[in-house]
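Using this note's numbering, read the sequence shown as starting at 25 and increasing by one per residue.
Glycine included, C-beta positions come from ideal geometry on N, C-alpha and C.
Quick caveat: nothing in here was measured; it's all calculated off a predicted structure.
For reference, the structure discussed in these notes is given below.
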Amino acid sequence: LYQSMADSHVLAKQLDGPLDGLSWTEFCTLLRENIEALIVNFHKASERISHLEYICKHKTDTMNDLQQNQEDAFEKMSEQLKAQDHCWQKEKQYLEQQYSNLLAEAHARAQECEETAQKNRQKLYALEQICEKLAHENASARNTLANAQNERSSLLAACALLSGALCPLYERLCEISSQRNLLQDQVNLHNLVNQKIGRLLCALPTNVENNQDEARLRQRRAKGLVYVFRRAVIAVLAANRLRVLAQHSCSLFIWTDSSRRSIGIRVCVGEPRGRRNLQFCSTGFEEEGVDCIEALDWLTSSDLYTAIISSVSELQDVLNKPDPNSWLSGQSLISAAKNSFAKLMDNLRILMEAVQVNPCRCTAYLERDSLIQRLACGLHRVNAQALEVGL
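Below, the structure is given as structure tokens:
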């Protein structure tokens, strides 16, 4: 029995040594302990088998329930899939019908869009033609505007030059007129004096007259050096005065007609901003630096432009009338021209009076062979003559 148990590997306790060394009692005790242990193990195995059978039965019941539930779920799912398939079929038919309608509508819209695009292309072509035409008109308008601006600048510069020449000429004419009256009075007075002197000479004897002539000659010779000195002093004073006048001058240049050999026309500027500094030298007055800002300001003066436009507005209104017979038949054109010229002269006088009121702002543009230079040369000649006579 012990050997069978050992071969089956069910011994709970085994001997370390051989069996021959044990007594019969020890061997029975060992066998009994192994049998008891084997019985205990058998009971435990039986209990475990019962427990496992219970578990297997429970799992079998659970599996059967799950299988039944799964079959029920499969049946429900199959029914749902059939119902879903039926719904999908209906929805598919509905979508196909809707797609057909949308496709037909899209074709119709595409046709309309094609027609609209064709119309838009035609409109675009027409707009391009209009744009090109407007571009040409714009370029032409720009050229016209540029030409008008150039013409305006040219006319303004011409008006500035003519105004600068007209106002000094008018002032000189007024001064010459007053001087002519004064000189006429002096000539008349001189004629009266000559007549009285002639009468006195006729009344005086001849010898007395000869003695008076000799006395006058001696007196002239005695006063010759004094006259030379006085002329030098007068020339210096005149040169200094002319220098001050040149510093306060508003002359731009002097124009002379070489073909006619005229005395020249002085052209002035109005509203200058600064005064040119002059230096006196042996040959006259020289300029420290040429400053053309005043000339540019005058030739492009906005005040002058405003004065010209405001002055000729009445004449322009008459000329812009649609019916020329209305002003050709009467004196309206001449009256408007006269009034415009009067306004123009008043405005120009105001602009040029600004220069006269504040002369320190003016600029002198001296030319060659000017009066100052000629006075300087005359002063040198007088000084040379004074040195020759011992002064």
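Counting only the Cα atoms, asparagine 264 lies some 11 Å from valine 257.
Between tryptophan 322 and alanine 172, the gap from beta carbon to beta carbon reaches 8 Å or more. Counting along the chain, valine 217 sits inside the alpha helix (DSSP H) bounded by residues 48–227. Arginine 290 is classed as buried because its beta carbon has at least 16 other beta carbons within 10 Å across all chains shown. The C-beta distance from leucine 276 to alanine 227 rounds to 59 Å, too long to fall under 8 Å, and the pair is not in contact. Straight through space, the alpha carbons of histidine 82 and serine 47 are spaced by roughly 52 Å. When the Cα atoms are used, serine 334 and glutamine 340 turn out to be separated by approximately 10 Å.
Of Ala189, Asn218 and Gln355, the smallest CA-CA separation from threonine 280 is found for Ala189. With a cutoff of 8 Å on beta-carbon distance, serine 187 and threonine 324 are scored as not near each other.
With a contact defined as Cβ atoms closer than 8 Å, cysteine 191 and methionine 376 qualify at about 4 Å. Between the alpha carbons of alanine 97 and cysteine 111 lies a distance of about 20 Å.
Residue range 289–292 is occupied by the beta strand (DSSP E) that includes valine 291, with no alpha helix (DSSP H) assigned at that position. Serine 325 sits in coil when the DSSP states are folded into three classes, being neither helix nor strand. Using a Cβ distance threshold of 8 Å, cysteine 274 and valine 293 count as a contacting pair.
The C-alpha of glutamine 153 is placed about 18 Å away from the C-alpha of alanine 165. Assignment of leucine 343 by DSSP, reduced to helix, strand and coil, places it in the helix class.
Sorting Val64, Leu169, Ile63 and Gln409 by C-alpha distance to the C-alpha of tyrosine 251 places Gln409 at the top. Contact between valine 342 and serine 356 holds: their C-beta atoms lie close to 6 Å from each other, under 8 Å. The Cβ atoms of tyrosine 26 and leucine 62 lie no closer than 8 Å to each other. By the neighbour-count criterion, in which 16 or more other beta carbons inside 10 Å mark a residue as buried, alanine 331 falls on the buried side. If you draw a straight line from the Cα of tyrosine 329 to the Cα of leucine 180, it is about 7 Å long. DSSP places serine 275 in the uninterrupted beta strand (DSSP E) bounded by 275–279.
Counting the other Cβ atoms within 10 Å of the Cβ of leucine 368 gives 16 or more, which makes it buried. Taking a 10 Å sphere around the C-beta of serine 202, we find fewer than 16 other C-beta atoms and assign the residue as exposed.
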